[in-house]
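The structure appears right after this line, and notes come after that.
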Amino acid sequence: MKHFLNTCDYTRPELQAMLDEAKRLKDSPMGDALKGKTVALLFLNNSLRTRTSFDIGAHQLGGYAVVLSPSGGMWPLEFEDGVVMDGDAEEHIAEAAGVLSRYCDLIGVRAFPKFVNWEEDRKDKILNGFAKYASVPVINMETITHPCQEMAHIMALQERFEKQGKGELDGKKFVLTWTYHPKPLNTAVANSALMIAAKFGMDVTLLCPTPDYVLDQRYMDIAKKDTGEQGRSLTVTHDIEEAYSGADVVYAKSWGALPFFGNWEPEKPIRDAHKHFIVDEKKMAMTNDAVVSHCLPMRRNVKMTDAVFDSPACMAYDEAENRLHVQKAIMKHLLG
1499 MKHFLNTCDY TRPELQAMLD EAKRLKDSPM GDALKGKTVA LLFLNNSLRT RTSFDIGAHQ
1559 LGGYAVVLSP SGGMWPLEFE DGVVMDGDAE EHIAEAAGVL SRYCDLIGVR AFPKFVNWEE
1619 DRKDKILNGF AKYASVPVIN METITHPCQE MAHIMALQER FEKQGKGELD GKKFVLTWTY
1679 HPKPLNTAVA NSALMIAAKF GMDVTLLCPT PDYVLDQRYM DIAKKDTGEQ GRSLTVTHDI
1739 EEAYSGADVV YAKSWGALPF FGNWEPEKPI RDAHKHFIVD EKKMAMTNDA VVSHCLPMRR
1799 NVKMTDAVFD SPACMAYDEA ENRLHVQKAI MKHLLG
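As structure tokens, then:
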């Protein structure tokens, strides 16, 4: 039994096979691959695209999705092993995963960090707990990484480059740029964008305001390994012009600085001083006619200007649509 927890657990050919299947499903969306199958979708955090695309995707393949959340009456869960459960939690993850495995054929989990202690949050206990105790495949619907978003992004890039006659992704300059946000956010999409760009043979540049905003070393190491094995590069820079110059892809995302994780007030002045990292027309003019995207939701004219987001260069809607197709391919893959 194989889970879909992170793309780094799969080879590039394995991921490409799922992307190829997603393209086929995009052309012919209805099917019976999930006929008689049930998918439990556990949302401990808000969702628009993920919930909708998984629900519709299961339906289009003949399956049924049941959505579970604390606001929907689910029991509070305990995720630590060996604890005396005399607090708020009424049920242990072992029982929840075990019972859902008896009812369902797949389990999707969405659980953001608690934003208190990164050393604890980086263990991804909720996702890994379900993977440990479930007897059916588990899908990461975003925790501290977002592999489904990665797949949708690469699919959109491949489609756009093919349409424009730009060829393969290998060797293209991919810029992952930090952008301002009034609140410190999860690093999940940034971690995932970094890894998938490296996995698919691009020269990756991480642009962020200061060294404090460099991503967790685990994901930097994975990206460095994948770029190195393919003769590509991984560059960290705080220079906007250096990053954008000659870029083929610009991916915008906001995230909080890990050294201030759980203690955001000291980080706020740094964040506020770098509002100029917004993706705008002037920066895009430095690129090699780059495509640009964002995972959504996005604050307009904070992360990206209207002129850029509404331009033909932006493929955010394509990426969002592809969530539906790649997740159907992932579900088919896991169910064999």
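In short: position in the sequence shown from 1, add 1498, done, that's our numbering.
Quick reminder that beta carbons are idealized off the backbone N, C-alpha and C, glycines included.
- Message: Considering just the uninterrupted stretch of the beta strand (DSSP E) at I1776, what are its terminal residues?
- Response: Translated into the one-based positions of the sequence shown, residue 1776 becomes position 278. Here I1776 belongs to no beta strand (DSSP E), and DSSP marks it neither H nor E.
Given K1728, which residues of its chain have a CB within under 6 angstroms of its CB, disregarding the five upstream and five downstream residues?
-> For the purposes of this step, residue 1728 is identified with residue 230 of the sequence shown, where counting begins at 1. Reading the sequence as shown, one finds Gln at residue 1728 and not Lys. Closer than 6 angstroms at the Cβ level, and outside the excluded window around Q1728, lie G1699.
Could you work out which residue in H1644, L1625, T1641 and T1643 is closest to P1635 when comparing CA atoms only? For the purposes of this step, residue 1635 is identified with residue 137 of the sequence shown, where counting begins at 1. The shortest C-alpha separation from P1635 is found at L1625.
message = Which complete beta strand (DSSP E) runs does the region 1643-1724 hold, if anything under 3 residues is left out?
response = If only complete runs of 3 or more residues are kept, the region 1643-1724 shows the beta strand (DSSP E) at 1671-1676 and 1701-1705, in order along the chain.
- Item | CA-to-CA distance, L1566 to M1572, given in whole angstroms | Looking up residue 1572 in the sequence shown gives position 74. Looking up residue 1566 in the sequence shown gives position 68. Straight-line Cα distance between these residues: approximately 7 angstroms.
- Would you check if the distance between the CB atom of E1588 and the CB atom of P1568 is smaller than 8 angstroms? By 1-based counting over the sequence shown, the position of residue 1588 is 90. By 1-based counting over the sequence shown, the position of residue 1568 is 70. Inclusion of E1588 and P1568 in the CB contact set at 8 angstroms is not warranted, their separation being larger than that value.
Measuring CB to CB, does T1505 end up less than 8 angstroms from E1648? Here the question's residue 1505 lines up with position 7 in the sequence shown. Here the question's residue 1648 lines up with position 150 in the sequence shown. Closer than 8 angstroms, so yes.
Would you tell me roughly how many angstroms separate the C-alpha atoms of F1659 and H1590, rounded to the nearest one? In the sequence shown, residue 1659 corresponds to position 161, counting from 1. In the sequence shown, residue 1590 corresponds to position 92, counting from 1. If you take the alpha carbons of F1659 and H1590, they lie about 47 angstroms apart.
Worksheet item: Which whole-angstrom value describes the C-beta separation of T1685 and D1714, a residue pair presumed to lie in contact below a C-beta threshold of 8 angstroms?
Response: If you number the sequence shown from 1, residue 1685 lands on position 187. If you number the sequence shown from 1, residue 1714 lands on position 216. Yes, they are in contact, since the Cβ atoms of T1685 and D1714 sit about 7 angstroms apart, within 8 angstroms.
(message) Within 10 Å of its beta-carbon, does L1546 have 16 or more other beta-carbons around it, so buried, or fewer, so exposed?
(response) Translated into positions along the sequence shown, residue 1546 becomes position 48. If you draw a 10 Å sphere on the C-beta of L1546, you find fewer than 16 other C-beta atoms in it, and that means exposed.
Practice task
Determine the extent of the beta strand (DSSP E) in which A1538 is found, giving its start and end residues.
Solution key: For the purposes of this step, residue 1538 is identified with residue 40 of the sequence shown, where counting begins at 1. That run of the beta strand (DSSP E) goes T1536 to F1541.
From the DSSP output, read off the bridge partner residues of I1605. Your numbering for residue 1605 matches position 107 in the sequence shown. Note: I1605 sits in a beta bridge opposite A1538 and V1636.
Any alpha helix (DSSP H) of 4 or more consecutive residues that is wholly inside the region 1537-1623
Complete alpha helix (DSSP H) runs here, min 4: 1547-1558, 1591-1601 and 1616-1619.
Tell me the DSSP secondary structure of A1629 in three-state form. For the purposes of this step, residue 1629 is identified with residue 131 of the sequence shown, where counting begins at 1. A1629 sits in a helix when the DSSP states are folded into three classes.
### Query
What residue from S1743, F1759 and G1665 has the CA that sits closest to Y1711's CA?
As a working note, residue 1711 is residue 213 in the sequence shown. It is F1759 whose Cα lies nearest to the Cα of Y1711.
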